[in-house]
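Note that my numbering has the sequence shown beginning at 204, numbered continuously upward. Backbone N, C-alpha and C define an ideal beta-carbon position, used for all residues, glycine too. Please read the structure below before turning to the comments.
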Amino acid sequence: MDLGIKGKTAIVCAGSKGLGLGCATALAEAGVDLVLNARNVGPLEQAAKELRKFGVKVQTVACDITTPEGQAQVLEAAGSPDILVNNAGGPPPGMWSDWERADFIKALDANMLTPIMMMKACLPGMIDRGWGRVINITSQSVKAPIAALGLSNSARAGLTGYVAGTARQVAGRGVTINNMLPGAHATDRIAALDASISQNQGKTIAQAEAMRCATIPAGRYGTSAEFGAMCAFLCSQHAGYIVGQNILLDGGGVNATL
Ligand code: NAP
């Protein structure tokens, strides 16, 4: 299928690995030029080198996207982006009793206020040009809480509320905003969570992974490529009527009818 977005420009935040890289790869395959961000230069440049093989332009901006300075650097490099993929590392796991105000502020900055600030900066240009696509990578924890990820549950719920209203304010101007909600995907992030389970419960990492997979109807972790393909579709010309949705990609893990 021709996604109809060849020649557009996308910002992909936190895109040197994992789900962000999956999105960047699918967009590059569709002919979209990229402004790719992550903190560490080595993996970022390596990812950019691979993405350029699709024949698209890839600018790299090595910075922390959760800081105002980092956001300004990425926005300056992008100029007038047509597509914005918001992403950042997830907050650490823990117990409800572990977290102080400062922990919540950090999580809110990374997983709620950063995507909101990026949207605030990019939406006016998209509205002026009459076309834009915004994807926020959130989590299945928005639909069904993951008890050990209280910081994530809280921050992502706030972003989801913001998107629900804002998506409807800009839809009439050709701009769509949607959230993608990953369940367990085979990335460094899930490997770190499995390592923490294995340590806390005295299991091997393979046992921790098998335990988690047993709770997923699909019986496996998702892949970044599957995730990226959905991102590229939501950014395509065909997805203009999909507005303010929360799309679960979880192998059936969230046990709900709707
Ligand atoms: P990942 O494999 O660990 O990759 C994270 C990417 O983000 C890397 O490219 C990393 O590069 C970059 N990054 C992290 N913090 C950053 C920052 N402050 N500024 C700029 N770049 C940053 O993670 P993932 O699995 O793709 O997860 C992506 C998001 O989805 C996370 O928020 C995660 O919580 C959420 N999620 C993931 C899963 C899953 O199963 N994988 C499930 C639910 C939700 P640098 O370290 O070089 O910056």
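Handout entry: Between the CA atoms of ILE214 and GLU232 - distance to the nearest angstrom
Key = For the purposes of this step, residue 232 is taken as the residue at position 29 of the sequence shown. For the purposes of this step, residue 214 is taken as the residue at position 11 of the sequence shown. Looking at the two C-alpha atoms, the distance is approximately 15 Å.
Exercise for the section: Please classify LEU237: does DSSP put it in a helix, a strand, or coil? Expected result: Along the sequence shown, read from residue 1 onward, the residue named residue 237 stands at position 34. The answer is strand: DSSP assigns LEU237 an E or B state.
Problem - Same chain, Cβ closer than 6 Å to LEU230, neighbours up to 5 away in sequence not counted - result: To locate residue 230, count along the sequence shown from 1; it is residue 27. Hits under 6 Å: ALA213, ALA435.
Practice task
Please work out which residues of its chain come closer than 6 Å, Cβ to Cβ, to THR228, disregarding the five sequence neighbours upstream and downstream, and give them in chain order.
Solution key: Counting from 1 along the sequence shown, the entry for residue 228 is found at position 25. Only GLY431 meet the Cβ criterion.
Handout entry: For PRO295, the nearest candidate out of ILE330, ALA280, ALA350 (CA to CA)
Key = Numbered from its first residue, the sequence shown carries residue 295 at position 92. For the residues ILE330, ALA280, ALA350, the minimum Cα distance to PRO295 belongs to ALA350.
Exercise for the section: Return yes when at least one heavy atom of the ligand NAP lies under 7 Å from the C-beta of GLY328, else no. Expected result: On the sequence shown, residue 328 is found 125 positions in, with the first residue counted as 1. Outside the cutoff, so no.
Exercise for the section: Step through the CB atoms of chain C and report whether any lies within less than 8 Å of the CB of LEU451. Expected result: The structure shown has no chain C; it contains just one protein chain.
Exercise for the section: Report yes if the C-beta of ASN339 is less than 7 Å from at least one heavy atom of the ligand NAP; otherwise report no. Expected result: For the purposes of this step, residue 339 is taken as residue 136 along the sequence shown, with counting starting at 1. Incorrect: ASN339 has no Cβ contact closer than 7 Å to the ligand NAP.
Handout entry: Cα-Cα separation between LYS209 and GLY297, rounded to whole angstroms
Key = Position 6 of the sequence shown, counted from the first residue, corresponds to residue 209. Position 94 of the sequence shown, counted from the first residue, corresponds to residue 297. Rounded to the nearest angstrom, the two C-alpha atoms are 43 Å apart.
Problem - Residues that DSSP places opposite ASN449 in a beta bridge - result: As a first step, residue 449 must be located in the sequence shown, where it is residue number 246. DSSP lists ASN382 as partners of ASN449.
Problem - Whole-angstrom distance between LYS406 and THR379, CA atom to CA atom - result: Mapped onto the sequence shown, residue 379 falls at position 176. Mapped onto the sequence shown, residue 406 falls at position 203. If I take the Cα positions, the gap works out to 44 Å.
Problem - Runs of alpha helix (DSSP H) lying entirely within the segment 362-423, each at least 4 residues, in chain order - result: Runs of alpha helix (DSSP H) with 4 or more residues, each lying fully within the segment 362-423, are found at 391-404, 408-416, listed in chain order.
Problem - THR390 beta carbon near the ligand NAP (any heavy atom closer than 7 Å) - result: Within the sequence shown, numbered from 1, the residue matching residue 390 stands at position 187. Flag set: Cβ of THR390 near the ligand NAP.
Problem - 4 or more residues per run - each alpha helix (DSSP H) lying fully within the segment 265-349 - result: The segment 265-349 contains these whole alpha helix (DSSP H) runs: 271-281, 304-311, 317-332.
Handout entry: One or two residues paired with THR212 in a DSSP bridge
Key = As a working note, residue 212 is residue 9 in the sequence shown. In the DSSP output, where bridge partners are listed per residue, THR212 has ASP236.
Practice task
Report yes or no: do the segment 356-370 and the segment 314-332 share at least 3 C-beta pairs separated by less than 8 Å?
Solution key: yes
Handout entry: ILE408 burial status per 10 Å Cβ neighbour count (16 or more: buried)
Key = Your numbering for residue 408 matches position 205 in the sequence shown. So ILE408 ends up on the exposed side.
Exercise for the section: Inspect the beta-carbon positions of LEU437 and GLY386 and report whether they are closer than 8 Å. Expected result: The residue you call residue 437 lines up with position 234 of the sequence shown. The residue you call residue 386 lines up with position 183 of the sequence shown. No, the Cβ-Cβ distance between LEU437 and GLY386 is not below 8 Å.
Handout entry: Rounded distance between the beta-carbons of GLY456 and GLN343, thought under 8 Å
Key = On the sequence shown, residue 343 is found 140 positions in, with the first residue counted as 1. On the sequence shown, residue 456 is found 253 positions in, with the first residue counted as 1. So it is a contact: roughly 6 Å between Cβ atoms.
Exercise for the section: Return yes when the C-beta of ASP293 is under 7 Å from any heavy atom of the ligand NAP, and no when it is not. Expected result: The residue given as residue 293 occupies position 90 in the sequence shown. The question names Asp, but residue 293 in the sequence shown is Gly. Under cutoff, so the answer is yes.
Problem - Member of ALA417, LEU206, MET433, VAL345 whose CA lies at the smallest distance from the CA of ASN314 - result: On the sequence shown, position 111 is the one that residue 314 refers to. Distance check between ASN314 and each of ALA417, LEU206, MET433, VAL345 places VAL345 closest, using alpha-carbon atoms only.
Handout entry: Nearest-angstrom beta carbon gap, LEU254 and ILE340 [assumed within contact, 8 Å]
Key = Residue numbering aside, residue 340 sits at position 137 when the sequence shown is read from its first letter. Residue numbering aside, residue 254 sits at position 51 when the sequence shown is read from its first letter. Not a contact, Cβ separation roughly 18 Å.
Practice task
Name the residue from ARG242, ASP453, SER300 whose alpha carbon lies nearest to the alpha carbon of ASN290.
Solution key: Here residue 290 is taken as the residue at index 87 of the sequence shown, counted from 1. Checked all of ARG242, ASP453, SER300; the closest Cα to ASN290 is ARG242.
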